[in-house]
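Numbering (our numbering), first residue to last: 14 to 426.
C-beta: ideal position from N, C-alpha, C; glycine also.
Predicted model, so just to flag it, every value in this text is computed and none were measured.
Inspection log for the structure reproduced underneath, given as structure tokens.
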Ligand code: IMP
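See below:
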């Protein structure tokens with residue numbers, strides 16, 4: 014059976030910390046979508062690791078790590094991450110032969126398209142994610158398993174570049190030198206071939222083990238259910254984790270939704286509770302809200318109950334973790350969005366288009382001194398009221414409350 018950890022907002026909720034907290038309970042940790050657009054930093058025995066592609070189970074010596082078929086893999090990045098470990102994690106890593114590969118031209122296309130979109134740019138991470146998924150859906154993509162036969166792969170790529178000659182010219186992208194490309198692909202093969210396998214079959218053969226599906230990005234960035242087109246190019250929600258791993262729906266045991274005590278977003282697109290004033294700046298400063306992958310300052314604002322309910326329903330969450338509660342320490346008042354208004358009409362659900370939406374807030378009394386608290390009874394009274402207010406309104410048990418970056422700064426209720 015598999016448990017799933019999924020982000021309920023626009024990413025960066027702190028999924029990594031909860032995964033790290035619970036990963037020791039699992040035999041297999043699986044990534045099922047996204048690529049190296051994801052990112053979190055973990056500290057183990059004083060050493061810092063920046064994980065973008067590797068599942069977090071690499072930090073648990075007993076867990077097997079699976080990069081599932083739904084992930085888009087940039088082999089160069091994967092090899093780099095593997096080599097950053099001073100112990101051999103390759104024996105504990107399987108990569109789906111059905112996972113699609115990001116090649117350098119996907120990254121160039123991503124950047125060129127963003128440039129051409131000008132003020133309508135999505136604000137992607139520039140990692141080639143969208144173009145790689147686009148090729149997958151157009152059935153012209155390259156899968157990791159194709160590294161098994163480089164001659165055949167080179168033939169296929171030569172045809173691909175031929176077909177896209179005009180498009181590459183328009184985007185001012187050079188078609189790679191085929192000898193260099195062959196060398197590159199051979200290097201990927203040498204480094205990764207032992208890890209590439211049919212991971213779906215592996216998961217089916219290990220159904221009796223405890224599995225953790227580790228979500229990347231988050232619900233409101235989902236290609237179908239997010240704030241399109243300002244989204245990522247994969248299905249980030251619970252059902253995407255099944256497609257992206259090959260696990261059947263009935264293998265899903267528990268879904269844990271992760272949200273911050275406030276909201277952030279990187280990149281462009283609607284964000285009803287964004288605070289462009291002092292409060293937003295204070296959240297950014299206190300919460301160190303700068304991207305792990307790109308270093309960009311994150312847009313900051315208040316907790317949005319309408320968005321959270323939508324995300325909880327889409328994912329079928331059994332329990333919720335509220336992260337970074339301590340970042341709200343020191344605010345006299347904290348706002349929570351309890352409804353939307355558009356054209357003087359009140360809306361109590363998350364609509365497909367957010368144009369013209371204005372948040373309806375309630376204000377609660379603030380608190381100080383939640384940082385580092387590990388027991389519910391030790392939380393300041395108003396912080397408890399805040400959590401209880403969220404819980405009542407999202408209708409789901411808030412099991413974890415994070416009060417600091419450290420693994421121990423966590424309340425489990
Ligand atoms: P892409 O996934 O690089 O195509 O970027 C599409 C959108 O998703 C942009 O707004 C990115 O900022 C956002 N995004 C992608 N990955 C992450 C993530 O791991 N955390 C937060 N936002 C992300």
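Residue i CB to nearest heavy atom of the ligand IMP below 7 Å
i: residue 246; result: yes
i: residue 264; result: no
i: residue 240; result: no
i: residue 142; result: yes
i: residue 385; result: no
i: residue 136; result: yes
i: residue 233; result: no
i: residue 314; result: no
i: residue 25; result: yes
i: residue 133; result: no
i: residue 50; result: yes
Backbone CA spacing between residue i and residue j [nearest angstrom]
i: residue 124; j: residue 183; result: 13 Å
i: residue 191; j: residue 157; result: 19 Å
i: residue 70; j: residue 29; result: 11 Å
i: residue 418; j: residue 386; result: 12 Å
i: residue 291; j: residue 313; result: 10 Å
i: residue 379; j: residue 394; result: 10 Å
i: residue 173; j: residue 151; result: 12 Å
i: residue 46; j: residue 362; result: 27 Å
i: residue 81; j: residue 224; result: 13 Å
i: residue 391; j: residue 301; result: 25 Å
i: residue 214; j: residue 164; result: 27 Å
i: residue 401; j: residue 169; result: 57 Å
i: residue 131; j: residue 185; result: 16 Å
i: residue 14; j: residue 299; result: 38 Å
i: residue 266; j: residue 367; result: 33 Å
i: residue 369; j: residue 359; result: 12 Å
i: residue 422; j: residue 416; result: 5 Å
i: residue 289; j: residue 282; result: 14 Å
Residue i classed as buried or exposed, judged by whether at least 16 other C-beta atoms fall within 10 angstroms
i: residue 217; result: exposed
i: residue 396; result: buried
i: residue 276; result: buried
i: residue 243; result: buried
i: residue 372; result: buried
i: residue 268; result: buried
i: residue 315; result: buried
i: residue 23; result: buried
i: residue 137; result: buried
i: residue 148; result: buried
i: residue 144; result: buried
i: residue 426; result: exposed
i: residue 129; result: exposed
i: residue 78; result: buried
i: residue 65; result: buried
i: residue 235; result: buried
i: residue 50; result: buried
C-beta contact flag for residue i and residue j at 8 Å
i: residue 160; j: residue 198; result: yes
i: residue 308; j: residue 135; result: no
i: residue 33; j: residue 91; result: no
i: residue 335; j: residue 250; result: no
i: residue 350; j: residue 325; result: no
i: residue 341; j: residue 272; result: no
i: residue 142; j: residue 240; result: no
i: residue 44; j: residue 227; result: yes
i: residue 41; j: residue 219; result: yes
i: residue 85; j: residue 48; result: yes
i: residue 232; j: residue 327; result: yes
i: residue 310; j: residue 322; result: no
i: residue 139; j: residue 122; result: no
i: residue 94; j: residue 116; result: no
i: residue 155; j: residue 113; result: yes
i: residue 285; j: residue 353; result: yes
i: residue 36; j: residue 52; result: no
i: residue 333; j: residue 411; result: yes
i: residue 61; j: residue 54; result: yes
Residue i: first and last residue of the uninterrupted alpha helix (DSSP H) it sits in
i: residue 270; result: Taken as a continuous stretch (DSSP letters only), residue 270 belongs to no alpha helix (DSSP H), being part of the beta strand (DSSP E) at 265-273.
i: residue 170; result: 163-176
i: residue 97; result: 88-97
i: residue 440; result: The requested residue 440 does not occur in the structure, where the chain is confined to residues 14 to 426.
i: residue 295; result: 291-299
i: residue 35; result: 28-35
i: residue 277; result: No alpha helix (DSSP H) contains residue 277, which is instead part of the beta strand (DSSP E) from 276-278.
i: residue 327; result: 318-328
i: residue 353; result: Counting along the chain, residue 353 falls outside any alpha helix (DSSP H), though it belongs to the beta strand (DSSP E) covering 346-355.
Limits of the beta strand (DSSP E) - the one that residue i falls within
i: residue 78; result: 77-80
i: residue 252; result: It is not in any beta strand (DSSP E) - residue 252 instead sits in the alpha helix (DSSP H) that spans 251-256.
i: residue 150; result: That residue, residue 150, is in no beta strand (DSSP E); its alpha helix (DSSP H) goes 142-150.
i: residue 311; result: Counting along the chain, residue 311 falls outside any beta strand (DSSP E), and DSSP gives it neither H nor E.
i: residue 423; result: 423-425
i: residue 16; result: 15-20
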